[in-house]
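Structure record follows, encoded as structure tokens.
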Amino acid sequence: MSVFRFITQNQGQVLELTLEHLRLVGLSTLFAILAGVPLGILIAHRPRLNKPVLASANIIQTIPSLALFGFLLPVPWLGARADRLAILALTLYALLPIIRNTYTGIRGVDPAVVEAGRGMGLTETQLLFQVELPLSVSVILSGVRVAIVISVGLATIAAAIGAGGLGEFIFRGLAMVDDSVILAGAIPAAVLALAADFGVGWLERRLQPR
Amino acid sequence: MQPAAAVPVIEFRDVSYRVAGTQVLSGLNLQVQSGETLVLLGRSGSGKTTSLKLVNRLLSPSSGEVRVQGVPNREADVIRLRRGMGYVIQDMGLFPHFTVERNIGLVPRLEGWPDERVRGRVQDLLQMVGLAPDMASRFPHQLSGGQRQRVGVARALAADPEILLMDEPFGALDPLTRDELQREFLSLQQRLNKTVLMVTHDLREALQLGSRIALMEAGRLVAVLPPREFLRSTDALASAYVRACGDGLESAVNRGAS
Chain A
265 MSVFRFITQN QGQVLELTLE HLRLVGLSTL FAILAGVPLG ILIAHRPRLN KPVLASANII
325 QTIPSLALFG FLLPVPWLGA RADRLAILAL TLYALLPIIR NTYTGIRGVD PAVVEAGRGM
385 GLTETQLLFQ VELPLSVSVI LSGVRVAIVI SVGLATIAAA IGAGGLGEFI FRGLAMVDDS
445 VILAGAIPAA VLALAADFGV GWLERRLQPR
Chain B
40 MQPAAAVPVI EFRDVSYRVA GTQVLSGLNL QVQSGETLVL LGRSGSGKTT SLKLVNRLLS
100 PSSGEVRVQG VPNREADVIR LRRGMGYVIQ DMGLFPHFTV ERNIGLVPRL EGWPDERVRG
160 RVQDLLQMVG LAPDMASRFP HQLSGGQRQR VGVARALAAD PEILLMDEPF GALDPLTRDE
220 LQREFLSLQQ RLNKTVLMVT HDLREALQLG SRIALMEAGR LVAVLPPREF LRSTDALASA
280 YVRACGDGLE SAVNRGAS
């Protein structure tokens, strides 16, 4: 098939764009975890903040991605480099599943276990790191997994603002009306999504508390 | 340092607890003496679990104060206070992701005991509560209900606290296992002489394990009586309990008490 010919002929570029794609997804997921997990922990312990935080994350999720890229473009430091902008946008999209699963995971820990821990004299920090987080880690990871799979797909659109990644092939293919070029971007992206899904799923099962 | 014999280990002074407009506990005055097992008996909603949680400050009284070793517990450092008391609850609250050894050894580890000493202590405790040494490496889900409850008791005893708080510790067990554990608890208590505050709704258990029984109803303390006198009590509620449980209660009475 012509797509495989295209890929073998342009190996270097396919690899380069895949790595760019991975960088966009990897960094944005990392930032989303760094922001989303603490936020999820916060709202699990402060029920009053639950609605506003989840609602904000929900609203972000409803903004069409192309529009979000557009909105962020005029922001000074961000707009200077397309990849920064793309990473921020992807981070925002990844927040919802991570916040929500962290919240659900921590709320799902057996209250008897938490109370026993507190009654035994664990500090709130010890309770969080030794009891609540270990017992909710697999739920949190399944949120991360959803976030990564969404990001891999969304990151292809980042090419529209010149952030690179496998979307380059897709947009180029669209302009050239050449399916094999579109597929040269789409297939590796799909493979990345599946691999991430499988990898994090494996981790999730390994860390599942008994 | 031992407190003077006259100072009760736990003392409720005019303690009330209200939550969301409901009076859960009103004007509780009660003293628990060193080495005794005081059983809070009452039906659900009588305020017995609330009383227990006021001792280790899982709850704070709306008025009045709880003293532990003569000191108001709200003045104590809450973490120190709790680590000085063993806490056993009905569903045990064993940490499902920890082995038996880590469950039992948790407080000693947090207290900075060296590993060697923690392991030794865990082995001693397993033996004390009648579990085989190789149980140490099991996870809670690999144990039977009775074994889990034993681990719960061992965990509460781990840092050798003077006080044990037990909330329906044998409630979720089948009758045979419960009976077995109650007997073992009695003989353990005779050796260890902890000050125990225990909550139950089961009169038979209260008679069997308690040195004194504090009967509670609708947030009030009705009477505090040793088991033998409880059976003869003319108090309406106490005799209602005795009637509800039927005959043969005499044989259940805690031999250590009275």
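Chains A and B supply the protein sequences, listed in that same order.
FYI, in our numbering the residues of the first sequence are 265 to 474.
FYI, in our numbering the residues of the second sequence are 40 to 297.
Backbone N, C-alpha and C define an ideal beta-carbon position, used for all residues, glycine too.
Is it true that the CB of A321/A sits closer than 8 Å to the CB of I351/A?
-> The count along the first sequence starts at 1 and reaches residue 351/A at position 87. The count along the first sequence starts at 1 and reaches residue 321/A at position 57. A321/A is positioned such that its CB atom lies no closer than 8 Å to that of I351/A.
Decide if the segment 378-390 of chain A is in contact with the segment 452-464 of chain A; the criterion is three or more beta carbon pairs, one per stretch, under 8 Å apart.
-> Flag = no, the segment 378-390 of chain A and the segment 452-464 of chain A do not touch.
Whole-angstrom distance between Q186/B and A419/A, CA atom to CA atom = As a first step, residue 419/A must be located in the first sequence, where it is residue number 155. As a first step, residue 186/B must be located in the second sequence, where it is residue number 147. Distance between the alpha carbons of A419/A and Q186/B is about 53 Å.
Please list the segments of the beta strand (DSSP E) lying wholly inside the segment 71-130 of chain B, counting only runs of 3 or more residues, in order along the chain.
-> Counting whole runs of 3 or more residues, the segment 71-130 of chain B contains the beta strand (DSSP E) stretches 76-80, 102-107, 124-128.
Could you tell me whether the Cβ atoms of L242/B and P179/B are closer together than 8 Å?
-> As a position in the second sequence, residue 242/B is number 203, starting the count at 1. As a position in the second sequence, residue 179/B is number 140, starting the count at 1. P179/B is positioned such that its CB atom lies no closer than 8 Å to that of L242/B.
How many angstroms separate the CA atom of F270/A from the CA atom of T368/A?
-> Against the first sequence, residue 270/A aligns to sequence position 6. Against the first sequence, residue 368/A aligns to sequence position 104. Computed Cα separation, rounded: 45 Å.
On the DSSP bridge assignment, give the partners of I252/B in chain order.
-> Locating residue 252/B in the second sequence gives position 213, where the first residue counts as 1. Partner(s): V78/B, L264/B.
Does DSSP classify I434/A as helix, strand or coil?
-> Along the first sequence, read from residue 1 onward, the residue named residue 434/A stands at position 170. In the three-state DSSP reduction, I434/A falls in the helix class (H, G or I).
Mark R96/B as exposed unless 16 or more other C-beta atoms lie within 10 angstroms of its C-beta, in which case mark it buried.
-> By one-based count along the second sequence, residue 96/B stands at place 57. Buried: at least 16 other Cβ atoms inside 10 Å.
Could you name the residues that DSSP lists as bridge partners for E50/B?
-> For this step, residue 50/B is matched to residue 11 along the second sequence. Beta-bridge partners of E50/B (DSSP): Q70/B, R106/B.
Would you report the Cα separation of S83/B and V63/B, rounded to the nearest angstrom?
-> Counting from 1 along the second sequence, the entry for residue 83/B is found at position 44. Counting from 1 along the second sequence, the entry for residue 63/B is found at position 24. Distance between the alpha carbons of S83/B and V63/B is about 11 Å.
Which chain B residues sit within Cβ distance under 7 Å of P398/A?
-> Residue mapping note: residue 398/A aligns to position 134 of the first sequence, counting from 1. Simply H136.
Find the residues of chain C that neighbour R121/B, judging by a C-beta separation of less than 8 Å, and give them in chain order.
-> The question asks about chain C, but that chain is absent: this structure's protein chains are A and B.
Measure from the C-beta of I252/B to each C-beta in chain A and report whether the shortest distance is under 8 Å.
-> Here residue 252/B corresponds to residue number 213 of the second sequence, with the count starting at 1. No, because no Cβ of chain A sits closer than 8 Å to the Cβ of I252/B.
Cβ of T138/B within 8 Å of Cβ of A193/B?
-> The residue given as residue 138/B occupies position 99 in the second sequence. The residue given as residue 193/B occupies position 154 in the second sequence. The answer is no: Cβ separation not under 8 Å.
Near L349/A, what residues of its chain come up, given a Cβ to Cβ distance below 6 Å and the 5 sequence neighbours on each side ignored?
-> If you number the first sequence from 1, residue 349/A lands on position 85. Within the same chain, L349/A has close Cβ partners L336, L342.
L276/B to F269/B span [Cα, whole Å] | In the second sequence, the residue the question calls residue 276/B occupies position 237. In the second sequence, the residue the question calls residue 269/B occupies position 230. In this model, L276/B and F269/B are separated by some 10 Å (Cα to Cα).
Contacts around Q221/B, its chain only, beta-carbon distance under 8 Å, and the 5 residues preceding and following it disregarded | For the purposes of this step, residue 221/B is identified with residue 182 of the second sequence, where counting begins at 1. Correct list, in chain order: F209, E244, Q247, L248.
Got a sec: which bits of the segment 141-154 of chain B sit with their beta carbon under 8 Å from any beta carbon on chain A, in order along the chain?
-> Answer set for the segment 141-154 of chain B: L145, V146, L149.
Are A453/A and G428/A touching if we call contact CB-CB under 8 Å?
-> Along the first sequence, read from residue 1 onward, the residue named residue 453/A stands at position 189. Along the first sequence, read from residue 1 onward, the residue named residue 428/A stands at position 164. No.
Over the uninterrupted beta strand (DSSP E) stretch that includes M174/B, give me the two end residues.
-> On the second sequence, position 135 is the one that residue 174/B refers to. Here M174/B belongs to no beta strand (DSSP E), and DSSP marks it neither H nor E.
Give a yes or no on whether 8 Å exceeds the smallest Cβ distance from E468/A to chain B.
-> Here residue 468/A is taken as the residue at index 204 of the first sequence, counted from 1. No, no contact with chain B.
Given that E432/A touches chain B, what residues does it touch there, using C-beta distances under 9 Å?
-> One-based indexing of the first sequence puts residue 432/A at position 168. Near E432/A there are no residues of chain B at all, since even the closest Cβ is about 45 Å away, more than 9 Å.
Straight-line gap, L170/B to W152/B (C-alpha atoms, nearest Å) | Looking up residue 170/B in the second sequence gives position 131. Looking up residue 152/B in the second sequence gives position 113. C-alpha separation (whole angstroms): 23 Å.
The segment 400-408 of chain A in contact with the segment 354-363 of chain A per 3-pair CB rule at 8 Å | Counting C-beta pairs closer than 8 Å gives three or more between the segment 400-408 of chain A and the segment 354-363 of chain A, which meets the contact rule.
Identify whether D163/B lies in helix, strand or coil by the three-state DSSP scheme.
-> Mapped onto the second sequence, residue 163/B falls at position 124. Assignment of D163/B by DSSP, reduced to helix, strand and coil, places it in the helix class.
Sub-8 Å separation of M205/B and V127/B beta-carbons | Reading the second sequence from its first residue, position 166 is the one you call residue 205/B. Reading the second sequence from its first residue, position 88 is the one you call residue 127/B. Result yes, Cβ atoms of M205/B and V127/B sit closer than 8 Å.
From P311/A, K315/A, T282/A, G385/A, residue whose alpha carbon lies closest to that of A6/B = The question about residue 6/B has no answer, for chain B in this structure spans 40 to 297.
DSSP state of I327/A mapped onto helix, strand, coil | For the purposes of this step, residue 327/A is identified with residue 63 of the first sequence, where counting begins at 1. I327/A carries a coil assignment under DSSP once its states are collapsed to helix, strand and coil.
Contacts that A376/A makes with chain B (C-beta to C-beta distance below 7 Å) | Working through the first sequence from its first residue, we reach residue 376/A at position 112. One finds I128, D130, G132 in chain B with Cβ atoms closer than 7 Å to the Cβ of A376/A, taken in chain order.
Burial state of N232/B, where buried means 16 or more other Cβ atoms lie within 10 Å | For the purposes of this step, residue 232/B is identified with residue 193 of the second sequence, where counting begins at 1. Exposed, since its Cβ has fewer than 16 Cβ neighbours within 10 Å.
Identify every residue that forms a DSSP beta bridge with I202/B.
-> Along the second sequence, one-based indexing puts residue 202/B at 163. I202/B has M124/B, T234/B as its beta-bridge partners, per DSSP.
Any idea what DSSP makes of S400/A, helix, strand or coil?
-> Translated into positions along the first sequence, residue 400/A becomes position 136. Three-state result, S400/A: helix.
Where does S315/B fall in DSSP's three states?
-> Residue 315/B lies beyond the residue range present for chain B, which begins at 40 and ends at 297; the question has no answer from this structure.
Within the segment 445-470 of chain A, ranges of the beta strand (DSSP E) (whole runs, at least 3 residues) = For the segment 445-470 of chain A, not a single whole beta strand (DSSP E) run of length 3 or above is found.
By Cβ distance, which residues of its chain are closer than 8 Å to V339/A, with the 5 residues on each side in sequence left out?
-> Taking the first residue of the first sequence as 1, we reach residue 339/A at position 75. Closer than 8 Å at the Cβ level, and outside the excluded window around V339/A, lie L349.
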